[in-house]
Amino acid sequence: MTASAILAGGALATPAHAAAPPKPSIVAKGGFVMNNGTGKTLFTKAADTRRSTGSTTKIMTARVVLGQRNLNLNSKVTVQKAYSDYIVRNSASSARLIVGDKVTVRQLLYGLMLPSGCDAAYALADKFGKGSTRAKRVKNFIGQMNTTAKNLNLKNTHFDSFDGIGNGSNYSTPRDLTKLASSSMKYSTFRSVVKTKSTKQKVTTKSGGYRYMSWSNTNGLLGSYRGAIGVKTGSGPEAKYCLVFAATRSGKTVIGTVLTSSSVANRTKDAKKLMDYGFKV
């Protein structure tokens, strides 16, 4: 082939831009990834379709707590029997809080986000909701979750529970959950908690002694994906398998969500594919 033919074909006439990587295919019914620094959207799949969120709801639980005025992370909460009864009644994921123990708000955030403790979520809702009865406080706290969603402009998000065990109107979208996670990551306490693989926390017992609580993170990306820094798993009969994820490499942070994947293994694979893609584009 002559040089002029090559130029005519345009193949070598100018240095070619690197071809964009192929868009990944994921099992999850919904997905979204963005550059956390710029907010630029990098991938969408049914990103604005409302779906059940499972325990990824707890990101908002933590966000509402961290957004409280004059928050004292060291203030203590006494574990009530109502929290453990709730776990038993709903066969819910648990931080195995023991009735009568005194735990700090910071410890409850670890119990909320690592083992996905619905008892920890209940304790936080009871502590930070306003009202004369526990039922009123819980209702008020869920109201705070919905107000925060509105303030963050999450148009397709609504909560009817503090932990994701909803009553039919607990939903969000991959885009909204990613925006929520991005907002939550602005809090240093949130960042510290969600990147922790496991923790041992010293709590005060009813009799004034102490015990250690050990919690491991349900997020398998930590330690298995280079640069992973969070965020939260979720699952449920309707939600199937969900994951809100984030990773940082070479100063670039990508953050995203997969909703309604088909298994724990597939939600992890989906997230890895989307982060790999996010770092390339």
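Residues -18 to -1, 1 to 263 in mature numbering (1 follows the signal peptide of the UniProt record, and there is no 0) are what the sequence shown spells out, letter by letter. Glycine included, each C-beta is placed from N, C-alpha and C at the ideal position.
Between residue 74 and residue 68, the CB-CB gap stays under 8 Å. DSSP places residue 126 within a helical segment (H, G or I) once states are collapsed to three. Here the alpha carbons of residue 113 and residue 207 stand approximately 43 Å from one another. The beta carbon of residue 188 sits closer than 6 Å to those of 82, all from its chain and outside the five residues before and after it, given in chain order. In terms of CA proximity to residue 19, 234 leads the group 234, 258, 255.
When the Cα atoms are used, residue 54 and residue 5 turn out to be separated by approximately 44 Å.
About 7 Å separates the CB atoms of residue 24 and residue 236; that is less than 8 Å, so the two are in contact. Put simply, the segment 130 to 140 does not touch the segment 209 to 225. Fewer than three CB pairs are less than 8 Å apart. In this structure, the CA atom of residue 199 is about 17 Å from the CA atom of residue 43.
With a cutoff of 8 Å on beta-carbon distance, residue 243 and residue 252 are scored as near each other. Contact annotation, residue 35 with residue 159: C-beta distance approximately 7 Å; criterion of less than 8 Å satisfied. In the same chain as residue 8, and ignoring 5 residues on each side of it, the C-beta atoms closer than 7 Å to its own belong to 27, 240, 252, 255, 256, in chain order.
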